[in-house]
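Report on the following structure.
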Amino acid sequence: PAQRLAAVLAALNEEQREAVAYSASEPLLVIAGAGSGKTSTLAHRVASLIAKGADPQRILLLTFSRRAAQEMEKRAGQVVARVLGLRSEAPPALPWAGTFHGVGARLLREHAAQIGLDENFTIHDRGDAEDLMGLVRHDIGLSASTRRFPQKGTCLAIYSRCVNTREPLEDVLKHAFPWCAEWAAELKRLFSGYVEAKQQQNLLDYDDLLLCWAEMMSEPSLAELVSSRFDHVLVDEYQDTNRLQAAILIALKPDGCGVTVVGDDAQSIYSFRGATVRNILDFPGQFTKSARIVTLERNYRSTQPILDASNAVIAHASERHAKTLWTDKPSAGRPQLVLVPDEAQQATWVADRILAHREGGLALKSQAVLFRTSSHSAALELELARRNIPFVKYGGLKFLEAAHVKDLLAVLRFVQNPRGRMAGFRVLQFIPGIGPATSSRLLDAMAEAADPGAALRDFQPPRAASVEWQRFADIYCALRTPGLSWPADVELALRWYLPHLERLHDDAGLRRGDLEQLARLASVYASRESFLTELTLDPPSASSDRAGPPLLDEDYLVLSTIHSAKGQEWRSVHVLNVVDGCIPADVAQGAAELEEERRLLYVAMTRARDHLHLVVPQRFYVTQQAARGDRHVYAGRTRFIDAADAARFDHVTWPPPPERPVFVPPPAAAIDLRNRLRNAWK
Ligand code: ATP
Ligand code: MG
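First residue of the sequence shown? That's 15 in UniProt numbering, and the numbers climb one at a time after it.
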């Protein structure tokens, strides 16, 4: 194996090899630009650790998405298989590869008893959390009396920012939400109520997964318990972690032994969620042992013209990002700046190019279309559907946001956690004759009972509800019976819900298809609890006409927000709406926000391997946050590509400007007029 390992590592460059082989007795930071092989170096490091005898169970690998974790597990697995000479045997899995949130959820459940948490907690996604915030706001009487009070979504964003940055509310308001500063006292009341409601109902929101984990790590005996489970902790995309995540990492390994993080300060694009690039810059000094820093400069992803254009965009950043990347990858021409009249024509042009690329041998799978906000792909989605080009959309409207899907999940959540009132109310509203007051009484009784199922069975509903009530009580108790094997639960819940679906929706047939898809998805998971957790943390995306992931053997195009495209690469990349007002967004205020917008464009451009097309529609709709409605503006190319940098692109105008008909004078003396007149009377 040692020889085979050396052979595998020979394919890496010297700096990458150093990072892979570096001793695990000191913290290691790999800081490098896009496409320089940070993620692959990390995968090789994991593989090499395993090849040298590390126990895969004791490796904690933290990535930005679950998809990225699975990809990394696969890549590391392939390298391990090569090094160990495994053929048919599956390479060792990495049971602890996932996101901070996913791993947090798992650790919290496993250690629930030690931290005074009920292990049946349910997790609220952002939508649920906003709704709960709205309910609490109503309960404490803020909505009626105070019309200008911030929306529930804004309230949650403020709360989340306080939690993730660990800054006091006043500071967060002052720096990030100045227009809400007058409400500090009311917000404090609201947040206390929100926390109280979560605790009563045994709910955790996304932020709680990190917060509770960090709190657990602040108690020395518990920290020891968790830390001792892992010998190695490796983190990808470290520039997009927040202060809580850094605190967790440091608490896991205070001396930094076994810690490896990789990242790129020029790609930090999540500060709106509390991520801070300081984490990566401060890393070297945060452990008791000093860190080794490795930098990589050679880019293996893109052609030189694409790199030149990307480097130029980031070179104007006000913060200095260390490196200029180079490559010796053969060039396939310069990137394109494409001027189109409007978004409809943009869709046509992009669809044309995608088909042309496919003709030229680029499968749809090796092409992607990136955009700022999910709604920006609407016109393109229509165009793709019209031309029968299959696509999958990431970072868009989630399958789980459909009402009927939420209904079915609420049944499972209510069974899992009888104290969760939002799921409870959602389910009980389907039973005719049970109004909010009755539901509330029932939920109170269930929350207090030692056996919630029995409390439900003993409850006396109003007479009108009795038949349907009985049917529900039977199913609920059956679902709570231990020993019912998963995913039979889903079938049972579905059996209860389908008559309601048919009663309430004209398009029940279509919706039923989604639910069957959900049931199929459920069969992949081991238990109700893992299904609900994973689904909330990493929801599947929906294409326009079909829910869930596409068939594996199908060729499809990827549509993605730039934020969700992090870490990935495609041979051809189209970026939509590269205009001022979109990138940078017209709501971006202040130097720091503008800089983040610049990095966003850099991330988008550096996803491309061979072909990069930036599309600039000259008429562009912007939706102002101040709720002034949609506006139609004449936009210009993004300010991040100035005249000098624009020279690095090929310029295309589409449709090509019509050629002006040129006046061609007839040849001199085309007719002999004088002679004709002379003869006219004859
Ligand atoms: P990002 O900043 O976008 O996350 P990254 O630094 O993580 O990028 P990778 O995704 O690991 O970069 O690698 C980019 C591409 O370069 C991948 O296709 C990878 O397989 C390839 N690559 C990395 N190192 C080498 C190498 N030594 N030889 C050949 N190809 C390499
Ligand atoms: Mg990467």
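Beta carbons: idealized from backbone N, C-alpha and C, even for Gly.
Can you tell me whether Y220 is buried or exposed, with buried defined as 16 or more other CB within 10 angstroms of its CB?
The residue you call residue 220 lines up with position 206 of the sequence shown. Buried, since its Cβ has 16 or more Cβ neighbours within 10 Å.
Measure the alpha-carbon distance for G167 versus A143 and round it to whole angstroms.
For the purposes of this step, residue 167 is identified with residue 153 of the sequence shown, where counting begins at 1. For the purposes of this step, residue 143 is identified with residue 129 of the sequence shown, where counting begins at 1. CA-to-CA, the gap between G167 and A143 works out to about 9 angstroms.
Helix, strand or coil: how does DSSP classify A661 here?
As a first step, residue 661 is located in the sequence shown; it is residue number 647 there, counting from the start. When secondary structure is reduced to three states using DSSP, A661 falls in the coil class, being assigned neither helix nor strand.
DSSP state of W668 mapped onto helix, strand, coil:
Here residue 668 corresponds to residue number 654 of the sequence shown, with the count starting at 1. DSSP, reduced to helix, strand and coil, places W668 outside both helices and strands of the structure shown, so it counts as coil.
Using CA coordinates, which residue listed in G51, D520, L422 is at the minimum distance from L546?
Position 532 of the sequence shown, counting from 1, holds the residue named residue 546. Nearest of G51, D520, L422 to L546, Cα basis: L422.
So which residues put a beta carbon under 7 angstroms from any heavy atom of the ligand MG, going in chain order?
Any heavy atom of the ligand MG within less than 7 angstroms of a residue's beta carbon puts that residue on the list, which reads K52, T53, D250, E251, G581.
Bridge-paired residues (DSSP) for K407:
To locate residue 407, count along the sequence shown from 1; it is residue 393. Beta-bridge partners assigned by DSSP to K407: L573.
Going by Cα to Cα distance, which pick from H115, P349, W227, R31 is closest to A618?
Numbered from 1 along the sequence shown, position 604 holds the residue referred to as residue 618. Sorting H115, P349, W227, R31 by C-alpha distance to the C-alpha of A618 places P349 at the top.
6 angstroms CB neighbourhood of G467 in its chain, flanking five on each side removed
Numbered from 1 along the sequence shown, position 453 holds the residue referred to as residue 467. Excluding sequence neighbours, G467 sits near C491, R494.
Alpha carbon to alpha carbon, what distance is there between V676 and A694?
Locating residue 694 in the sequence shown gives position 680, where the first residue counts as 1. Locating residue 676 in the sequence shown gives position 662, where the first residue counts as 1. Straight-line spacing of the CA atoms in A694 and V676 works out to 34 angstroms.
Would the beta-carbon of L529 fall within 8 angstroms of that of V441?
Mapped onto the sequence shown, residue 529 falls at position 515. Mapped onto the sequence shown, residue 441 falls at position 427. No, the pair does not count as a contact, with Cβ atoms beyond the cut-off.
Report the option in G148, G288, D245, K66 whose CA atom is closest to the CA atom of S39.
As a first step, residue 39 must be located in the sequence shown, where it is residue number 25. Nearest C-alpha to S39: D245.
How is the alpha helix (DSSP H) around Q483 delimited, first residue to last?
Locating residue 483 in the sequence shown gives position 469, where the first residue counts as 1. Inspection of the sequence shows that residue 483 is occupied by Trp rather than by Gln. Membership of W483 in the alpha helix (DSSP H) is indicated by the continuous run 480–494.
In angstroms with no decimal places, state the Cα-to-Cα distance between G595 and A90.
Taking the sequence shown and counting its residues from 1, the one referred to as residue 595 is at position 581. Taking the sequence shown and counting its residues from 1, the one referred to as residue 90 is at position 76. Distance between the alpha carbons of G595 and A90 is about 41 angstroms.
What would DSSP say about Y539, mapped onto helix, strand or coil?
Position 525 of the sequence shown, counted from the first residue, corresponds to residue 539. In the displayed model, Y539 falls within coil according to three-state DSSP, outside both helix and strand.
Below 8 angstroms between beta carbons: does that hold for E32 and V308?
Position 18 of the sequence shown, counted from the first residue, corresponds to residue 32. Position 294 of the sequence shown, counted from the first residue, corresponds to residue 308. In contact: E32 and V308 (Cβ atoms closer than 8 angstroms).
For V34, which residues of its own chain have a beta-carbon under 8 angstroms away from its beta-carbon, when the five flanking residues on both sides are left out?
Translated into the one-based positions of the sequence shown, residue 34 becomes position 20. Answer for V34: L23, L26, T55, H58, R59, S62, listed in chain order.
What residue ranges within the region 384–461 form continuous beta strand (DSSP E) runs of no fewer than 3 residues, ordered along the chain?
Annotation note: the region 384–461 contains the following uninterrupted beta strand (DSSP E) runs of length 3 or greater, listed N- to C-terminal: 405–408.
To the nearest angstrom, report how far apart E238 and M231 are at their CA atoms.
Along the sequence shown, read from residue 1 onward, the residue named residue 238 stands at position 224. Along the sequence shown, read from residue 1 onward, the residue named residue 231 stands at position 217. Rounded to whole angstroms, E238 to M231 spans 8 angstroms at the Cα level.
Same chain, Cβ closer than 7 angstroms to R427, neighbours up to 5 away in sequence not counted:
Against the sequence shown, residue 427 aligns to sequence position 413. Closer than 7 angstroms at Cβ, skipping near neighbours: T136, G434, A437, L546.
By DSSP, does G650 sit in helix, in strand, or in coil?
Indexing the sequence shown from 1 puts residue 650 at position 636. Of the three classes helix, strand and coil, the one that applies to G650 here is coil, per DSSP.
Meets three-Cβ-pair contact criterion under 8 angstroms: the region 310–320 and the region 278–285:
No, because fewer than three Cβ pairs between the region 310–320 and the region 278–285 fall closer than 8 angstroms, the two stretches do not touch.
Do R257 and N178 have their beta-carbon atoms positioned less than 8 angstroms apart in this structure?
If you number the sequence shown from 1, residue 178 lands on position 164. If you number the sequence shown from 1, residue 257 lands on position 243. Yes, they are a contact pair.
Look at the Cβ atom of E609, then the Cβ atom of A599, and state whether they are nearer than 8 angstroms.
Position 595 of the sequence shown, counting from 1, holds the residue named residue 609. Position 585 of the sequence shown, counting from 1, holds the residue named residue 599. Going by C-beta atoms, E609 is not nearer than 8 angstroms to A599.
Say yes only if the C-beta of L26 is nearer than 7 angstroms to one or more non-hydrogen atoms of the ligand ATP, and no if none qualify.
Translated into the one-based positions of the sequence shown, residue 26 becomes position 12. Checking every heavy atom of the ligand ATP against the Cβ of L26, one is found closer than 7 angstroms.
What did DSSP end up calling Y635 once you bin it into helix, strand or coil?
Mapped onto the sequence shown, residue 635 falls at position 621. DSSP places Y635 within a strand segment (E or B) once states are collapsed to three.
At what residues does the alpha helix (DSSP H) containing S235 begin and finish?
Position 221 of the sequence shown holds residue 235. Looking at the DSSP string, the run of the alpha helix (DSSP H) that includes S235 is 234–241.
Is R292 closer than 8 angstroms to I597 when the C-beta atoms are compared?
On the sequence shown, position 583 is the one that residue 597 refers to. On the sequence shown, position 278 is the one that residue 292 refers to. With respect to R292, I597 sits apart: the two C-beta atoms are not nearer than 8 angstroms.
To the nearest angstrom, report how far apart E516 and A522 are at their CA atoms.
Here the question's residue 516 lines up with position 502 in the sequence shown. Here the question's residue 522 lines up with position 508 in the sequence shown. Pairing E516 with A522, the inter-Cα distance amounts to about 5 angstroms.
Give the list of continuous beta strand (DSSP E) stretches no shorter than 3 residues that lie fully inside the region 176–216.
Note on the region 176–216: there is no whole beta strand (DSSP E) run with a minimum of 3 residues.
Can you pull the DSSP bridge partners for D219?
Start at 1 with the first residue of the sequence shown, and residue 219 comes out as number 205. Answer is H138.
Nearest CA to the CA of H459: which residue from L470, H330, W510?
Here the question's residue 459 lines up with position 445 in the sequence shown. Reading the sequence as shown, one finds Ala at residue 459 and not His. Taking each of L470, H330, W510 in turn and checking the Cα distance to A459, the smallest one comes out for L470.
Among H588, A95, L691, T620, the one whose alpha carbon lies nearest that of A365
Taking the sequence shown and counting its residues from 1, the one referred to as residue 365 is at position 351. H588 is the residue among H588, A95, L691, T620 whose C-alpha sits nearest the C-alpha of A365.
L146 beta carbon less than 8 angstroms from that of H138:
Against the sequence shown, residue 138 aligns to sequence position 124. Against the sequence shown, residue 146 aligns to sequence position 132. A contact, by the Cβ cut-off of 8 angstroms.
At the level of alpha carbons, what is the spacing between L524 and L396?
In the sequence shown, counting from the first residue as 1, residue 524 sits at position 510. In the sequence shown, counting from the first residue as 1, residue 396 sits at position 382. Rounded to whole angstroms, L524 to L396 spans 19 angstroms at the Cα level.
Under 7 angstroms: does the beta carbon of Y314 sit that close to some heavy atom of the ligand ATP?
Taking the first residue of the sequence shown as position 1, residue 314 is located at position 300. Flag set: Cβ of Y314 near the ligand ATP.
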